[in-house]
Each structure stands twice: as C-alpha cells, then as structure tokens.
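What follows is a short report on a single structure.
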C-alpha cells in the first residue's frame, strides 16, 4: 500500500531534502523514523528536493508498506522526529500515485525583512536597503511569463533532461517591512528561485534594468543572472495535484 504524508520543516539544520553521504537531510530523518515504527526498511519519495537551508510550509512525500497504518501513525511519527520536522497527516492513496511525478504545480515564497528583526533571523534575509524599486521588479517578473527555458537561473552542474518550466505567477508584495516574492510553476530547476530573486533585486536596486531580464533569459548563461540569495528566506509553500488525496 502507498501512503502520502503532508509535512512542514525548518531547513536550517539540514543539508536539503535528499539523503547525503555525510550530511543530515530531511529524507534521512523521515526514513529512519518511519522504518523504526513499521519495523521494516522504508524509502520516502518527496514531491521535490529542496536545497540546504531551504524551508517548507507544505511538502508531500510517499512511501510503501504492507502494513495498515493506524489512526495515530502521524502522532507516533512526530514523537520520533526532531521538533523542526512536523507531520500534518498521513493518507492512503492509489498504488500508482506519486508525490513527485503527479505534482502539477509548486509554489515558493522568498521572504525579505527590510531592517533588522532578531525573531526572523532564521527565516528571512534581512536587508538595510529602503530604496528598492518594487514596481521595476514586478515589471521584470512579468517577463518570466514570456519564456520557458530558464537555464540562466539553473545551477551549472545539474543533471536534468530539460531546462523548460512553465511559470504561472510571479510577483512581489511589500507589507510594512516584509518584502515577499511569490512564484508558482509546474516545476523548478535547482537554485532557480534564489537566482531569479537575486536578479530581480539587482533590478530593484538599479544595478540592472527591467529590460535586461529578456537578454539574461535568452543568453541561457548563469553568469549573466544575479547572485543566488541566501537559502534561509526561501519556503516551499504549496504542492498541488489534479486529484484529492485519498480518492
């Protein structure tokens, strides 16, 4: 039987989602905890592979077992997991359901705090700039809709079959000192969101012009885009499927 779990995590203490030979990962913690409860080897497959230090307010993953899980399974799992990983629910799904390949949309937020806030040090990138041109950044973000190949925002050494992604929304919202970038797409490349944010900030700080976005994307060259912003401000916030879990 196949089960989906919905979870959240603070990525500060982890080297990303995927199991690493010499580093602690979210997947490793889940594998060990679930295997301990079920008393059998379990390999959890996530809806995506967040990088080191990146957070998730909503992530889905699936695993297989021959055992029927009891109603208190999520409770038991949370008791074994560290406090920075939380399971919200566990759902029995069809045997061919897949947390990663069935996902039709993913959404991220990049959170910036303009100024200093000691309570948000681990979950925002804090900047002292107050003269950021939000309108220019939103104008440049709209240009993303015109393209599908985003090789210029991808890590150089990455094993992918295509650099094509369909971005469905991308915009900045300023509320008080909180500046947040929202973006949704069918898929994302490694480091893509952080590179887009860095490029848009260059435009907002007048290091680049809005019109430069087209040239950067069409160049397909990572060196032409802005620097990647720190991981701690990035959140995976939503993963969508074309079916309701449990149906």
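Residue numbers (my numbering): 638 to 884.
Glycine included, each C-beta is placed from N, C-alpha and C at the ideal position.
- In the structure shown, the three-state DSSP call for residue 866 is coil.
- As DSSP reads the structure, residue 701 sits in a beta bridge with 639.
- In the structure shown, residue 720 adopts coil according to DSSP, grouped into three states.
- In the displayed model, residue 650 falls within a helix according to three-state DSSP.
- Setting aside the 5 residues that flank it on each side, residue 788 is surrounded in the same chain by 800, 857, each with a C-beta closer than 6 Å to its C-beta; the list follows chain order.
- Segment contact: the stretch 801-816 against the stretch 843-853, fewer than three CB-CB distances shorter than 8 Å; contact not assigned.
- By the CB criterion at 9 Å, residue 872 and residue 832 fall outside the cutoff.
- Contact annotation, residue 751 with residue 640: C-beta distance approximately 42 Å; criterion of less than 8 Å not satisfied.
- About 19 Å separates the beta carbon of residue 691 from that of residue 862, a gap too long to meet the 8 Å contact definition.
- Proximity of the stretch 803-812 to the stretch 777-788 meets the contact definition, three or more beta-carbon pairs being nearer than 8 Å.
- Of 795, 837, 840, 851, the smallest CA-CA separation from residue 825 is found for 795.
- Buried is the label assigned to residue 734, since at least 16 other Cβ atoms lie within 10 Å of its Cβ.
- Between the stretch 739-757 and the stretch 700-709, the count of Cβ pairs shorter than 8 Å is below three; the stretches do not touch.
- With fewer than 16 other CB atoms across the displayed protein chains lying within 10 angstroms of its CB, residue 676 is exposed.
- Under the DSSP assignment, residue 665 falls in the alpha helix (DSSP H) whose first and last residues are 663-675.
- Around the beta carbon of residue 662, 16 or more other beta carbons sit within 10 angstroms, so the residue counts as buried.
- In the three-state scheme derived from DSSP, where H, G and I count as helix and E and B as strand, residue 756 is classed as helix.
- Comparing alpha carbon positions, the residue from 758, 854, 700 closest to residue 870 is 758.
- With respect to residue 820, residue 804 sits close: the two C-beta atoms are nearer than 9 Å.
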